[in-house]
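Worksheet: the structure to be examined is printed underneath.
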Amino acid sequence: MDLLTLTALSIVVAGFVVGVVVGLTGMGGGALMTPALIFLGVGGGSAATIVAADLTAAAVYKTGGAVVHAKEGSPNLKLAMWLIIGSVPMAFAGPYAVKAFTTDADELDRVLKLSIGFALLFAAATYAARLYINLRRVRSGGDPGDPDPPVRPIPTLLVGMLGGLLVGITSVGSGSVIMIALLMLYPGLSAVKLVGTDLVQAVPLVLAAAIANIAIHGLDWEITLPLIAGSVPGTLIGARIAPRVPQSYIRRGIVVVLTMSGVALLDKAGWAPLGRDETYPVLIGLVGLAVLLLLPIVWGFLRKEQGLPFMGAPTVSELDTWNYAGPKRVKKSDLQDSQTKE
């Protein structure tokens with residue numbers, strides 16, 4: 312009966328909403344769920360308890376996605392293998408390392424909230440990095456790369472290690488940081504193979520991280536069960552309606568939310584530049600407003616640096632696929648000719 316509470320209902324709703332976003336866009340997961348649960352105050356607001364529950368729920372709904380992609384033959388299994396070799400040990404060791412270097416529960420909670428805050432800002436930055444990488448690729452007019460590239464073991468192993476450490480400590484990064492790293496290492500890899508490979512490697516990664524966190528902090532079933540109950544159907548519904556929903560706008564909204572959540576968690580943890588004794592909700596709101604208003608201007612200048620107009624094609628929506636190549640190559644000579652005619 313303890314599960315049938317208002318808190319449980321709020322967890323189900325949060326899990327469902329985040330699940331829909333994950334199903335729609337392929338991003339979000341721990342980056343949205345973990346701060347949402349912290350701000351809801353579930354589990355006493357303990358970051359360690361929430362990270363363990365979120366990782367356990369993620370292991371459930373990511374397994375379903377990985378099975379679907381594996382049946383369709385979309386993952387690059389050799390690439391996934393090298394990622395797993397790097398990520399699983401680090402995901403397991405990360406929570407123990409944090410525990411070893413913290414002296415009490417309060418310090419552990421503060422360190423985790425700081426780590427999650429910085430991880431959220433890093434995850435938001437990967438979105439901008441992906442757009443810029445795709446913009447440069449379109450402008451280069453060169454070979455988009457091998458759609459089934461040979462695996463580069465050492466760089467792939469290092470990506471897995473970094474992603475595993477990040478996920479093990481914060482539960483953030485398996486669907487954002489690792490994806491952008493794969494895109495940079497293997498630019499020709501098709502979008503379906505990119506997503507399939509990431510999902511396959513994410514299952515053992517998240518499982519290892521969940522096991523380590525449960526072993527250290529335990530598992531709060533009053534958080535985990537409602538979270539699974541909400542996130543699994545949400546993910547399935549999101550994936551089903553994804554073709555009919557403009558995902559680019561949702562992803563840009565996620566970036567604003569991640570940035571504000573990251574700053575809010577740093578503020579909540581008493582990060583020194585913000586001050587330990589008080590919080591700054593107005594600052595958090597201003598950061599979100601700045602991201603919303605200033606980033607399009609910065610993006611316009613980046614386009615001009617690439618020889619494109621301040622606004623126009625290729626649009627953010629077009630570039631917001633994992634490896635957009637464009638309906639045709641955009642060349643500077645074509646742009647100059649069109650400007651001359653105008």
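With the sequence shown counted from 1, adding 311 to any position gets you our numbering.
Where a beta carbon is used, it is the ideal one built from N, C-alpha and C, also for glycine.
For clarity, every value in this text was computed on a predicted model and none was experimentally measured.
Exercise. With respect to the alpha helix (DSSP H) encompassing residue 417, which residues constitute its N-terminal and C-terminal limits?
Worked result: Here the question's residue 417 lines up with position 106 in the sequence shown. Start and end: 416-451.
For this session: Please report the residue range of the alpha helix (DSSP H) in which residue 558 lies.
Result: Counting from one through the sequence shown, the residue named residue 558 turns up at place 247. Element bounds for residue 558: 558-579.
Problem set entry | residue 528 versus 401, 419, 388, 397, residue with shortest Cα-Cα distance | Sequence index remark: in the sequence shown, residue 528 carries index 217 (1-based). Checked all of 401, 419, 388, 397; the closest Cα to residue 528 is 419.
Exercise. Per the contact definition of three or more C-beta pairs closer than 8 Å, is the segment 392-406 in contact with the segment 464-477?
Worked result: yes
Exercise. Helix, strand or coil for residue 648 per DSSP?
Worked result: Taking the first residue of the sequence shown as position 1, residue 648 is located at position 337. Summary for residue 648: the model assigns pLDDT 46, below 50, so the residue's position carries little reliability, and this model does not support an answer.
For this session: Please state if the CB of residue 347 and the CB of residue 521 are separated by a distance shorter than 8 Å.
Result: Your numbering for residue 521 matches position 210 in the sequence shown. Your numbering for residue 347 matches position 36 in the sequence shown. It is not a contact, given that the beta carbons lie outside the stated cut-off.
Problem set entry | Sub-8 Å separation of residue 372 and residue 330 beta-carbons | Numbered from 1 along the sequence shown, position 61 holds the residue referred to as residue 372. Numbered from 1 along the sequence shown, position 19 holds the residue referred to as residue 330. Yes, Cβ-Cβ distance for residue 372 and residue 330 is below 8 Å.
Exercise. Under the three-state reduction of DSSP, which class applies to residue 352: helix, strand or coil?
Worked result: For the purposes of this step, residue 352 is taken as the residue at position 41 of the sequence shown. Residue state, collapsed to three classes: coil.
Problem set entry | Whole-Å CB distance - residue 318 paired with residue 390, under 8 Å assumed | One-based indexing of the sequence shown puts residue 318 at position 7. One-based indexing of the sequence shown puts residue 390 at position 79. Actually they do not touch by this definition, with Cβ atoms about 41 Å apart.
Exercise. Which full runs of the alpha helix (DSSP H) of 4+ residues lie inside the segment 482-520, going along the chain?
Worked result: 488-496
Problem set entry | Contact the segment 482-496 vs the segment 505-512: 3+ CB pairs below 8 Å | yes
Exercise. Going straight from the alpha carbon of residue 335 to that of residue 617, what length do you get?
Worked result: Position 24 of the sequence shown holds residue 335. Position 306 of the sequence shown holds residue 617. Residue 335 and residue 617: Cα-Cα distance of roughly 30 Å.
Problem set entry | Beta-carbon proximity check, residue 570 vs residue 545, cutoff 8 Å | Position 259 of the sequence shown holds residue 570. Position 234 of the sequence shown holds residue 545. Not a contact, by the Cβ cut-off of 8 Å.
For this session: Just the C-alpha distance for residue 321 and residue 563, rounded to the nearest angstrom, thanks.
Result: Position 10 of the sequence shown, counted from the first residue, corresponds to residue 321. Position 252 of the sequence shown, counted from the first residue, corresponds to residue 563. Taking the straight line from one Cα to the other gives about 25 Å.
For this session: Could you tell me the boundaries of the alpha helix (DSSP H) in which residue 622 lies?
Result: If you number the sequence shown from 1, residue 622 lands on position 311. Run containing residue 622: none; DSSP gives neither H nor E here.
Exercise. What are the start and end residues of the alpha helix (DSSP H) that includes residue 542?
Worked result: Here the question's residue 542 lines up with position 231 in the sequence shown. Here the alpha helix (DSSP H) through residue 542 covers 532-552.
Problem set entry | 8 Å Cβ cutoff met for residue 535 and residue 368 | Translated into positions along the sequence shown, residue 535 becomes position 224. Translated into positions along the sequence shown, residue 368 becomes position 57. In contact: residue 535 and residue 368 (Cβ atoms closer than 8 Å).
Problem set entry | For residue 439 and residue 592, the rounded distance between their alpha carbons | Your numbering for residue 592 matches position 281 in the sequence shown. Your numbering for residue 439 matches position 128 in the sequence shown. So the alpha carbons of these two residues sit roughly 25 Å apart.
Problem set entry | Secondary structure of residue 406, DSSP reduced to three states | Your numbering for residue 406 matches position 95 in the sequence shown. It is helical.
Exercise. Which of the three DSSP states, helix, strand or coil, is assigned to residue 321?
Worked result: The sequence position of residue 321 within the sequence shown is 10, counting from 1. In this structure, residue 321 counts as helix in the three-state DSSP scheme.
Problem set entry | Outcome for residue 316 when other beta-carbon atoms lying within 10 angstroms are tallied against a minimum of 16 | Taking the first residue of the sequence shown as position 1, residue 316 is located at position 5. Exposed.
Exercise. With a Cβ-Cβ cutoff of 8 Å, do residue 537 and residue 323 count as a contact?
Worked result: Within the sequence shown, numbered from 1, the residue matching residue 537 stands at position 226. Within the sequence shown, numbered from 1, the residue matching residue 323 stands at position 12. Yes. Within cutoff.
Exercise. Anyone know if the C-beta pair for residue 428 and residue 573 falls short of 8 Å?
Worked result: Residue mapping note: residue 428 aligns to position 117 of the sequence shown, counting from 1. Residue mapping note: residue 573 aligns to position 262 of the sequence shown, counting from 1. For residue 428 and residue 573, yes; Cβs fall inside 8 Å.
For this session: Tell me, to the nearest whole angstrom, how far the beta carbon of residue 483 is from that of residue 434; I am working on the premise that it is less than 8 Å.
Result: Here residue 483 refers to the residue found at position 172 of the sequence shown. Here residue 434 refers to the residue found at position 123 of the sequence shown. Yes, they are in contact, since the Cβ atoms of residue 483 and residue 434 sit about 6 Å apart, within 8 Å.
Exercise. Which residues in the same chain have their Cβ closer than 7 Å to the Cβ of residue 549, if we skip the five residues on either side of it in sequence?
Worked result: Mapped onto the sequence shown, residue 549 falls at position 238. Around residue 549: 330, 331, 332, 333, 334, 335.
Exercise. If we ignore side chains and look at the alpha-carbon of each, how far apart do residue 651 and residue 566 end up?
Worked result: Position 340 of the sequence shown, counted from the first residue, corresponds to residue 651. Position 255 of the sequence shown, counted from the first residue, corresponds to residue 566. In this prediction, residue 651 has a pLDDT of 47, which is less than 50 and means its spatial position is unreliable; what the coordinates show is noted afterwards. Cα to Cα, residue 651 sits roughly 38 Å from residue 566.
Exercise. What number of angstroms, rounded off, separates the C-alpha of residue 413 from the C-alpha of residue 360?
Worked result: Numbered from its first residue, the sequence shown carries residue 413 at position 102. Numbered from its first residue, the sequence shown carries residue 360 at position 49. Distance between the alpha carbons of residue 413 and residue 360 is about 16 Å.
Exercise. Going along the chain, which residues of its own chain have a beta-carbon closer than 7 Å to the beta-carbon of residue 444, five neighbours each way excluded?
Worked result: Numbered from 1 along the sequence shown, position 133 holds the residue referred to as residue 444. Here the set comprises 494, 495.
Exercise. Mind checking whether residue 410 and residue 576 have CB atoms under 8 Å apart?
Worked result: The residue given as residue 410 occupies position 99 in the sequence shown. The residue given as residue 576 occupies position 265 in the sequence shown. No, the Cβ-Cβ distance between residue 410 and residue 576 is not below 8 Å.
For this session: Would you mind sorting residue 344 into buried or exposed? The rule is 16 or more other CB atoms within 10 Å of its CB.
Result: By 1-based counting over the sequence shown, the position of residue 344 is 33. It is buried - the Cβ of residue 344 has at least 16 other Cβ atoms within 10 Å.
Exercise. In the structure shown, what three-state DSSP assignment does residue 312 receive?
Worked result: What you label residue 312 is simply residue 1 of the sequence shown in a count that begins at 1. Any reading at residue 312 must be qualified, since the residue scores a pLDDT of 45, below 50, and its modelled position is unreliable; no value is offered.
Exercise. Given a threshold of 16 other Cβ atoms within 10 Å of its Cβ, counted over all protein chains shown, does residue 552 qualify as buried or as exposed?
Worked result: For the purposes of this step, residue 552 is taken as residue 241 along the sequence shown, with counting starting at 1. Exposed, by the Cβ-count rule.
Exercise. So what's residue 466 in DSSP terms, helix, strand or just coil?
Worked result: As a position in the sequence shown, residue 466 is number 155, starting the count at 1. In the structure shown, residue 466 sits in a helix (DSSP, three-state: H, G or I).
Exercise. Can you tell me whether DSSP reads residue 631 as helix, strand or coil?
Worked result: As a first step, residue 631 must be located in the sequence shown, where it is residue number 320. Looking at residue 631 - three-state DSSP - the assignment turns out to be coil, as it is neither helix nor strand.
Exercise. To the nearest angstrom, how far is it from the Cα of residue 582 to the Cα of residue 430?
Worked result: One-based indexing of the sequence shown puts residue 582 at position 271. One-based indexing of the sequence shown puts residue 430 at position 119. Cα-Cα distance, rounded: 14 Å.
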